[in-house]
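Chains as they are written, first to last, in my numbering: chain A, 1 to 281; chain B, 1 to 281.
One structure below.
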DNA sequence: CTGTATATCTCGCCT
DNA sequence: AGGCGAGGTATACAG
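Written out as structure tokens, the structure is:
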């Protein structure tokens, strides 16, 4: 297909999309006039949409520090929380930025489009000489970001560095089988008390306490000094209540810190060595 | 003007721009098919253009740490140096990134467009379910970024914190007039030797050494122990050579550090106090 | 090249 | 609200 036709078709397509999209908080212009930009920016800001501008600008910043940069083609993004980032064509870090909640103004005077952002005594001024592309859109992103580590990784981290549970804790085995099932980590505290640890990578709930209680209760008959610890990033209020009633304990332990322990200690300590270490204990 | 007409005109405009722009390394699609995206991404990468993709994606990262995030609408930017940043609709920091020089691949399989980036054992996988907007463009930005401080600020910083020149330096006046003109900062070192400082905010060149030498030479007749120091962020090789021959000295001093001194010490030390301090000496 | 100090650090957690 | 510590810190600079 010749380029001409391809673009003609694409343009028709684009036209139709524009009609639908502009209802739903989307707008886009290529090589717009600065007046048009000014209009679009205002619309984006009032819509609390994400605004993207690509064009030739110079930037002045004054606040905790001061910076200045002359003309160059850059990408400016104003997010829906009014944070601002400006990126040059290279490098991972923005050349200038402004945190969430800043007050953004836009002014078109002469041949310059000025976008100003104010936040707690800090001023970021961006002056566009020309704009290649401007667009805003409503973006939805409700997903939760997680530094990833499995419960298995958390157990591994405890075996690698038992002090993350408490000073002097010594693991004996992992996943010991008991009459009530199996437990995650089994060991002794610094006073020689038996310790049973249940690991959860998410918030510990009532059911987790109940599960741990079942293990511990089965063993308390023969060993009254036994301790039960639930290791998790957090614990629900009702689970905490039950925890106290059942004389169990909670230790804060996040997948993230475990992931770090594995990464850092894992350099010297291979899995083989780890298993050997576990066997020794 | 009714919306319909406005967009029709805009679309025509867009169409014409596309024809010119696509020659010069620019392409843009709204709501493209993933196949089309794949094509555009390949073109962007081979052109070493800046690529912007807005769409619904999930992201996996594995390297120094691991992270995972489910579906959400985000902005992905691949810069011309193959650095990657992915921004969520809010917040100043990217949710995931990859440094410059990473190897980027793109694969369209099923209903998913996968963009992978590899760098020194770190893998970033982005899976797009749909794309709202894709565009690439060649951006030119040769401007130099500077943490801003004038030569005046640098002199002020020396007066505020003379130790940045050397331990025990005590400024007496700034801009002392001599028979050869005026000098930037004039003072005494810890041994009581007279010191003349010439401040430059950029690399010190031969001509700067010559200028300083003229001042110093004029005073060496009456005061052989006089020292001449050029304070600048750096010095050119030929200037350095001349510096040694003329028995002058160089002290590294950047506008940035001066800017910091003024910011930090300026909190306690107002301009009035500063002037008073300068008068005292 | 490696290690260290810096940052408009940002961000989250804690008091 | 203020202080503290971590970060996939990134980045500049010294050794």
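Cβ atoms here follow ideal geometry from the backbone N, Cα and C, with glycine treated the same way.
Simplified DSSP assignment, three categories, for residue i
i	result
residue 238 of chain B	helix
residue 190 of chain B	coil
residue 243 of chain B	helix
residue 203 of chain B	coil
residue 139 of chain A	coil
residue 179 of chain A	Its pLDDT being 46, under 50, residue 179 of chain A is placed unreliably by the model, and the measurement read from it follows with that caveat. In the structure shown, residue 179 of chain A sits in coil (DSSP, three-state: anything other than H, G, I, E or B).
residue 74 of chain A	strand
residue 265 of chain B	helix
residue 215 of chain B	helix
residue 88 of chain B	coil
residue 36 of chain B	helix
residue 146 of chain A	strand
residue 252 of chain A	strand
residue 122 of chain B	strand
residue 226 of chain A	coil
residue 127 of chain A	strand
residue 96 of chain A	strand
residue 80 of chain A	coil
Within 8 Å, strictly: CB atoms of residue i and residue j
i	j	result
residue 69 of chain A	residue 76 of chain A	no
residue 139 of chain A	residue 89 of chain B	yes
residue 256 of chain B	residue 143 of chain B	no
residue 122 of chain A	residue 55 of chain A	no
residue 115 of chain A	residue 41 of chain A	yes
residue 59 of chain A	residue 126 of chain A	yes
residue 154 of chain A	residue 253 of chain A	yes
residue 156 of chain B	residue 172 of chain B	no
residue 92 of chain B	residue 233 of chain A	no
residue 218 of chain B	residue 190 of chain B	no
residue 183 of chain B	residue 231 of chain B	no
residue 199 of chain A	residue 185 of chain A	yes
residue 204 of chain A	residue 238 of chain A	no
residue 134 of chain A	residue 32 of chain A	yes
residue 26 of chain B	residue 67 of chain A	no
residue 244 of chain A	residue 195 of chain A	no
Contacts that residue i makes with chain B (C-beta to C-beta distance below 9 Å)
i	result
residue 148 of chain A	60, 61, 62, 65, 66, 67 and 68
residue 39 of chain A	Under the 9 Å cutoff, chain B gives no residues; its nearest Cβ is about 11 Å from residue 39 of chain A.
residue 133 of chain A	26, 28, 52, 135 and 137
residue 35 of chain A	The contacting residues do not exist; residue 35 of chain A stays about 13 Å from chain B at best.
Residues bridged to residue i [DSSP beta-bridge criterion]
i	result
residue 133 of chain B	B/30 and B/54
residue 66 of chain A	A/62
residue 107 of chain B	B/114
residue 171 of chain A	A/187
residue 102 of chain A	Residue 102 of chain A pairs with nothing; no bridge assigned.
residue 232 of chain B	B/252
Proximity to residue i [Cα-Cα], best of the options
i	options	result
residue 109 of chain A	A/124, A/129 and A/123	A/129
residue 264 of chain B	A/53, A/65 and A/50	A/65
residue 211 of chain B	B/222, B/223, B/197 and B/201	B/197
residue 260 of chain A	A/45, A/240, A/147 and A/162	A/147
residue 45 of chain B	B/199, B/262 and B/117	B/117
residue 119 of chain B	B/134, B/111, B/38 and B/101	B/101
residue 225 of chain B	B/206, B/79, B/192 and B/151	B/192
residue 262 of chain B	B/105, B/195, B/135 and B/160	B/160
residue 201 of chain A	A/251, A/228, A/221 and A/82	A/251
residue 35 of chain A	A/204, A/112 and A/216	A/112
residue 51 of chain A	A/25, A/74, A/239 and A/79	A/79
residue 83 of chain A	A/223, A/96 and A/162	A/96
residue 39 of chain B	B/74, B/57, B/105 and B/71	B/105
residue 209 of chain B	B/249, B/43 and B/30	B/249
residue 107 of chain B	B/37, B/242, B/162 and B/214	B/37
residue 258 of chain A	A/162, A/220 and A/247	A/162
Proximal chain A residues relative to residue i, where beta-carbon distance stays under 7 Å
i	result
residue 145 of chain B	67, 69 and 95
residue 85 of chain B	92
residue 259 of chain B	65 and 66
Partner residues on chain A for residue i, Cβ-Cβ distance less than 9 Å
i	result
residue 233 of chain B	Correct list: empty, because the minimum Cβ distance to chain A is about 15 Å.
residue 104 of chain B	Ordered by position in chain A, no residue passes the 9 Å Cβ test against residue 104 of chain B, which lies about 14 Å from the chain.
Contacts of residue i in chain B (Cβ-Cβ under 8 Å)
i	result
residue 162 of chain A	Chain B residues near residue 162 of chain A: none, gap ~22 Å exceeds 8 Å.
residue 74 of chain A	139 and 141
residue 116 of chain A	In chain order: nothing, as chain B lies at least about 17 Å away.
residue 46 of chain A	By Cβ distance, chain B contributes nothing, its closest Cβ being about 16 Å from residue 46 of chain A, past 8 Å.
Per-residue contacts from residue i into chain A (C-beta, under 8 Å)
i	result
residue 263 of chain B	64 and 65
residue 99 of chain B	92
Beta-carbon neighbours of residue i, restricted to chain B and to distances below 7 Å
i	result
residue 88 of chain A	141
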